[in-house]
Amino acid sequence: MVAHKAVTGVSLWFGGRMVLQLTPPTDEKVLISKARVPAFREWF
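Per UniProt numbering, residue 1 is the first one in the sequence shown, and the count goes up by one each step.
In structure tokens form, the structure reads like this:
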């Protein structure tokens, strides 16, 4: 879970997934699965 205001960017990733850019930055990639992308887009 992340706060809406922590998301500074969203990029498409392989296989229909998305990767988030967060503030503060994280060491690991934060990926959204293909199955959860539609719900994330609605929330965001």
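Yeah, the Cβ is synthetic: ideal placement off N, Cα and C, and Gly gets one too. Note that the structure is a prediction, hence the values are computed from the model and not measured.
Could you compute how far the alpha carbon of residue i sits from the alpha carbon of residue j?
i: residue 32; j: residue 6; result: 15 angstroms
i: residue 2; j: residue 14; result: 22 angstroms
i: residue 44; j: residue 23; result: 16 angstroms
i: residue 4; j: residue 27; result: 19 angstroms
If I measure Cβ to Cβ from residue i and keep anything under 8 angstroms in the same chain, skipping five residues before and after, which residues do I get?
i: residue 18; result: 10, 11, 12, 31, 32, 37 and 40
Is there a Cβ of chain C sitting closer than 8 angstroms to that of residue i, yes or no?
i: residue 1; result: Absent from the structure: chain C. Only one protein chain is present.
Which residues in the same chain have their Cβ closer than 6 angstroms to the Cβ of residue i, if we skip the five residues on either side of it in sequence?
i: residue 21; result: 8 and 9
Could you tell me which residues DSSP pairs with residue i in its beta bridges?
i: residue 18; result: 12 and 32
i: residue 7; result: 22
With distances taken from CA atoms, which of the options is nearest residue i?
i: residue 16; options: 25, 4, 43 and 35; result: 35
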